[in-house]
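Colleague: Each residue of the sequence shown is one higher than the last, beginning at 668 in the numbering used here. Where a beta carbon is used, it is the ideal one built from N, C-alpha and C, also for glycine.
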Amino acid sequence: MKLGVCYYPEHWPEDWWVDDARRMADLGLKQVRIGEFAWSRLEPAPGQLTFDWLARALDTLGGAGLEVVLGTPTATPPKWLVDSLPGMLAVDAHGRERGFGSRRHYCFSSEPYRAECARIVTALADRFGTHPAVTAWQTDNEYGCHDTVESYSAGARTAFQAWLTQRYGSVEALNRAWGNVFWSMEYRCFDEIELPAGTVTEASPAHRLAFQRFSSDQVTSFNRLQADIIRPRSPGRDIIHNFMGQFTAFDHFDVGADLDVSSWDSYPLGFLEWFGWPQVVKARFMRQGHPDFTAFHHDLYRATSGGRWQVMELQPGPVNWGAWNPAPLPGMVRAWSWEAFAHGAEVVSYFRWRQAPFAQEQMHAGLLRPDSSEAEAVDEVRAVAAELPLVAGATTAQAPVALMVDYPGIWSTTIQPQGRDFRPLEIILAFYAAARRLGLDVDVVGPQADLTGYAILLLPHLPVWPEGLAARIAAAGCQVVAGPRTGSKTGEHAIPDGLPPEGLKTLADLTVLRVESLRSGWLEPAGPYQVSHWLEHVRTGLPVRAATDSGHPVWIDGGQVQYLACWPCPRLLDDVLRPLAAGLDPLDLPDGLRLRRRGEVRFAVNYAPEPVSLRAHVPGLEHVEWLIGGPELAPAGVAAWRDIRFAQTSPSTSSMP
Ligand code: GAL
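1) Going along the chain, which unbroken runs of the beta strand (DSSP E) with 3 or more residues stay wholly within the segment 777-801?
2) Can you tell me whether L1180 is buried or exposed, with buried defined as 16 or more other CB within 10 angstroms of its CB?
3) Quick check on DSSP: helix, strand or coil for K669?
4) Taking P1220 as the reference, which of G1194, Q1227, D1241 and R855 has the closest Cα?
5) How would you write the range of the alpha helix (DSSP H) that W1005 sits in, first residue to last?
6) Which residues in the same chain have their Cβ closer than 8 Å to the Cβ of A1052, if we skip the five residues on either side of it in sequence?
7) Using 10 angstroms around the beta-carbon of A731, count the other beta-carbons present and answer buried if the total reaches 16, otherwise exposed.
8) What are the complete alpha helix (DSSP H) segments, minimum 4 residues, inside the segment 1015-1056?
9) If you measure from the CB of H964, is any heavy atom of the ligand GAL nearer than 7 Å?
10) Using C-beta distances below 7 Å, list every residue in its chain close to G738, excluding the 5 sequence neighbours before and after it, in chain order.
11) Who pairs with M1071 in a beta bridge, going by DSSP?
12) Since I1094 and P1127 should fall inside the 8 Å C-beta cutoff, what is the C-beta to C-beta distance between them, to a whole number of angstroms?
13) Leaving out the 5 sequence neighbours to the left and right, which residues in its chain are closer than 7 Å to H678 when beta-carbon positions are compared?
14) Take P1163 as the anchor and find which of L1174, G1150 and T1178 has the nearest alpha-carbon.
15) If you reduce the DSSP assignment to three classes, tell me which class W944 lands in.
16) Secondary structure at L1244, three-state DSSP: helix, strand or coil?
17) Whose C-alpha, out of D1255, L1251, V1228 and A1232, is nearest the C-alpha of D1241?
18) With E1093 as the anchor, note down where its beta strand (DSSP E) starts and where it stops.
19) A1002 and A1303 look like a contact to me (Cβ under 8 Å); what is the Cβ gap, rounded to whole Å?
20) Using a Cβ-Cβ cutoff of less than 7 Å, which residues in the same chain neighbour A1100 once the five nearest sequence positions on both sides are dropped?
21) Please report the distance separating the alpha-carbon of L1107 from that of V1272.
22) Taking only the alpha-carbon atoms, compute the straight-line gap between E859 and Q879 and give it to the nearest angstrom.
23) Leaving out the 5 sequence neighbours to the left and right, which residues in its chain are closer than 6 Å to G1076 when beta-carbon positions are compared?
24) Is the beta carbon of G1154 sitting closer than 8 Å to the one on E1169?
25) Please say whether T815 and R875 have beta carbons closer to each other than 8 Å?
26) DSSP state of M691, grouped into three classes?
27) Note down the Cα distance separating G937 from Q1029, rounded to an integer number of angstroms.
28) Three or more C-beta pairs under 8 Å: does that hold for the segment 709-717 against the segment 784-796?
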């Protein structure tokens, strides 16, 4: 477990670097990420490679004992390059080129741009691949940020047609798969197929889903291009990419397959404003971030590259890009850091070292102020650095609960939500939060995951039933809680033969006859529960545990499978999950208190704006050794403990599979 920071040596006079490096090391930081936007300084004119400053920066940082994650600069192609490569700019859905002057302006499908990326990455990897300070690489920066996964360029059109030819083999097969007889949308050859934009009303959802799959594959192959160049030239170094929060436009499992370590950029306060929480939730957690949002992303990205992950960027103060940008509650930077380590992070790295007094992000806090004095977060970082040895050696173990996430299913629903506010990530978060309220640890798993060892499988949003899932559930013997719309679409965005829920029907007697979406704010009474957003009309011979007052079953008990034919309220989710978790010592945590285990060590973070006593909520604390803090948690408080009985009897914890 290490701390790190993001640093831009090219932003500062060179004679500051030594002092910066020394101060980083003195603060207890071990990792520095640099270089990811520096193309105009690495190659100020075509072919004029000026890498010597970067070599000196690496020597300086390495000389202070810091490990460097070296970024490839491909998120910010410089002006001369853009001007020399017509067609490399991304194009938006309205046909407008996305111009130079910020970042991420390239199109993933531009072959000439890919060649330029290969050239600069090769040159960097040749020069620095075995530099002793370089311990890892970051490919590009935040794929997809600023809505850049899809591009409607001529290059994308050509590449899409080639991709379609590969996927469908014949245009007849494509016409059949997409249902193109509808509205005379049939094609005679692949060359006739346009990108799905500019249509009079909605384009075919199957066409859009194919375009999303294609666009995701372009991100994956763009990343693989860089990974394949770096790997042989930089043996023993990790390849990392920094993913984003609340972002599902490409398949992160696919990109993660080419990485050694996944990382993500955690901005808890910025994300709170972005997400669809009610205003009262946003007000309560304004300075802390939502108690489950960040944790969910830790669990998600831990899954995307087989268990190894980091937080590459953590906000140390107000950011610049939220609708409002409040300061974290005192203590919260420390608390966020511990939440990440509790979920198995190898590194927590802050963004950024020194606040820049110029350009787009001048209002974004750093660990240092623009005048190099220490900003508020530094004392908290110092505290975390001092505490790290107290929990050294704790390894992440498999959680008892798995929650399945499938990106193509999310795209399907986003393309045709059927109810304006049916947002897949929100129902996924609702299930995740229900497990967290019970104090249960969750592993996010991909659609092909082996489920062995899990007691409970949550399927909050799985419209496309993955191949072989029923057999894997049967083999694992786990309890399943499935949400609405399960198995409601084929992979080509059609209603499956024989009505939904495809796949799940083999495990439980369920047929969804009709679905309805409920207008925003509508709460349909269902005994002690309330149903929002979505209601299914289901035929079943199974016991019904809850129904709407108008008689539609919403909680159907199929023994091994619990089916929720609605968007459930928190109380319904609690009532479904609690009995399934009976053997897992479920708790009843108050709003804002959250727990997570890292091996033998259990952590608690208080996100609430009021103090909380663990003694009121967690039994058995009389048998624990406190490693960090104690049972009384102030707002933003953190505690970590080890159960002494458990420590004496349990075998050593295993690593994540
Ligand atoms: C991230 C990005 C950084 C910086 C940061 C500001 O999305 O990777 O380069 O822009 O946000 O919060």
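Modeller: Answer, in terms of the structure:
1) none
2) exposed
3) strand
4) G1194
5) M999 to A1009
6) L670, L694, G695 and L696
7) buried
8) 1044-1054
9) no
10) R700, I701, G702, E703, Q805 and N808
11) V1112
12) 5 Å
13) A1023
14) T1178
15) coil
16) helix
17) D1255
18) Unbroken run through E1093 is the alpha helix (DSSP H), P1091 to R1104; no beta strand (DSSP E).
19) 5 Å
20) D959
21) 14 Å
22) 19 Å
23) L1129, P1130 and V1131
24) yes
25) no
26) helix
27) 16 Å
28) yes
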